[in-house]
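A short worksheet on the structure shown next.
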Amino acid sequence: MTDPQPPLSRRAPEVRTIGIAGMLVSFGDRLSEPANRAALAFRAAVEAEGWDGVEETSSSLVSAFVRFDPLHLSHARLRQQLEALLRREDWYAADLPTGRRFWRIPTVFGTDLAPQLGQAAQAAGLSEAEAITSLTQARVRVQTIGFAAGQPYLGELPKAWDIPRQTTLTKRIPVGALAVAIRQLVLFSVATPTGWQHVGQTAIRLFQPEVPDPFLLRPGDEVQFVSTDAEALATMRNDPHGGAKCEAIT
Numbered sequence: 741m742t743d744p745q746p747p748l749s750r751r752a753p754e755v756r757t758i759g760i761a762g763m764l765v766s767f768g769d770r771l772s773e774p775a776n777r778a779a780l781a782f783r784a785a786v787e788a789e790g791w792d793g794v795e796e797t798s799s800s801l802v803s804a805f806v807r808f809d810p811l812h813l814s815h816a817r818l819r820q821q822l823e824a825l826l827r828r829e830d831w832y833a834a835d836l837p838t839g840r841r842f843w844r845i846p847t848v849f850g851t852d853l854a855p856q857l858g859q860a861a862q863a864a865g866l867s868e869a870e871a872i873t874s875l876t877q878a879r880v881r882v883q884t885i886g887f888a889a890g891q892p893y894l895g896e897l898p899k900a901w902d903i904p905r906q907t908t909l910t911k912r913i914p915v916g917a918l919a920v921a922i923r924q925l926v927l928f929s930v931a932t933p934t935g936w937q938h939v940g941q942t943a944i945r946l947f948q949p950e951v952p953d954p955f956l957l958r959p960g961d962e963v964q965f966v967s968t969d970a971e972a973l974a975t976m977r978n979d980p981h982g983g984a985k986c987e988a989i990t
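For any residue, its number in my numbering is found by taking its place in the sequence shown, counting from 1, and adding 740.
Written out as structure tokens, the structure is:
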């Protein structure tokens, strides 16, 4: 009798070559809290090592990417270094990186500013009031930045929010829109078509190319969406942070 498969979040990490100048360390084949934690912690550890020849690191939902100069660091040597670092600790249970922040972001839920709250709540088996309570009580992690400049994927939400994306696209979702599907929230940094359901609206500017650090949120930051009304939100639109406040996570 064969042994059962280990839990997804505890399978051995996989190191893969990506092109001629990249390596990807994957901690799962779908999102889980331990896999995301591992990706964030491992990426920070690679940065801290300061290996000669490593030019850039980044993380996705469950992986850490390393871009390197193969003229100064061979594929074989980098793989050896990555595998040695992987053996150093249980990355699925590792501490999250330092320097993270906790953001409270004012958000209008429903109304004509976020017209899909009702249908998303129905899909989750909740009333609109219950949906707002659930979404505002959740303290979610920035799991990765992707799709557009500075755009965070946040989660995970309670199981009720394991709802599918729409089968048809909403033609346009505005900058600062908060949308939900598959136990995640996306806070949109650009206006774009989407299959995610638009449940909230913020005034935050996630991408600010005019400042030295143009991405407002970082992977590992934590966020709570605070209910407000349309009138209050309108007064926040001249603030690049859209009324959001942050504090260091210690």
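Even for Gly, the Cβ is constructed at its ideal location relative to N, Cα and C.
- Nearest Cα to Pro949 within the set Pro959, Gly839, Leu836, Ala888: Ala888.
- Distance between Ala781 and Val765, taken at the CA atoms: about 12 Å.
- As the crow flies, the alpha-carbon of Arg840 is around 11 Å from that of Val963.
- If the five residues before and after Val882 are omitted, its C-beta is found closer than 7 Å to the C-beta atoms of Pro892, Leu894, Leu957, Arg958, Pro959, Gly960, Asp961, Val963, all from its own chain and listed in chain order.
- DSSP, read as helix, strand or coil, puts Thr910 in strand.
- For Lys899 and Arg817, the gap between their C-alpha atoms comes out near 42 Å.
- Ala804 sits close to Ala779, with the two beta carbons spaced by under 7 Å.
- Pairing Ala972 with Val755, the inter-Cα distance amounts to about 48 Å.
- Judged by their CB atoms, Asp902 and Arg879 are not nearer to each other than the 7 Å cut-off.
- Counting along the chain, the unbroken alpha helix (DSSP H) around Gln877 starts and ends at 868-877.
- The Cβ atoms of Gly940 and Ala854 sit closer than 7 Å to each other.
- When secondary structure is reduced to three states using DSSP, Pro904 falls in the coil class, being assigned neither helix nor strand.
- If you check the CB distance, Phe955 and Gly886 do not come in under 7 Å.
- Val786 sits in a helix when the DSSP states are folded into three classes.
- Contact check for Arg777 against Thr797 fails: the beta carbons are separated by 7 Å or more.
- In the structure shown, the three-state DSSP call for Gly858 is helix.
- Counting only runs of at least 4 residues, the region 764-828 fully encloses the following alpha helix (DSSP H) elements, listed from N- to C-terminal order: 773-789, 815-826.
- Going by DSSP, Thr942 is part of no alpha helix (DSSP H) at all; its letter is neither H nor E.
- Here Ala863 is not near Ala871, since their CB atoms are 7 Å or more apart.
- Looking at the DSSP output, Leu956 shares a beta bridge with no other residue.
- In the same chain as Gln937, and ignoring 5 residues on each side of it, the C-beta atoms closer than 7 Å to its own belong to Gln856, Gln859, Ala860, Gln906, Ala919, Val920, Ala921, in chain order.
- The Cβ-Cβ distance between Thr847 and Phe965 falls below 7 Å.
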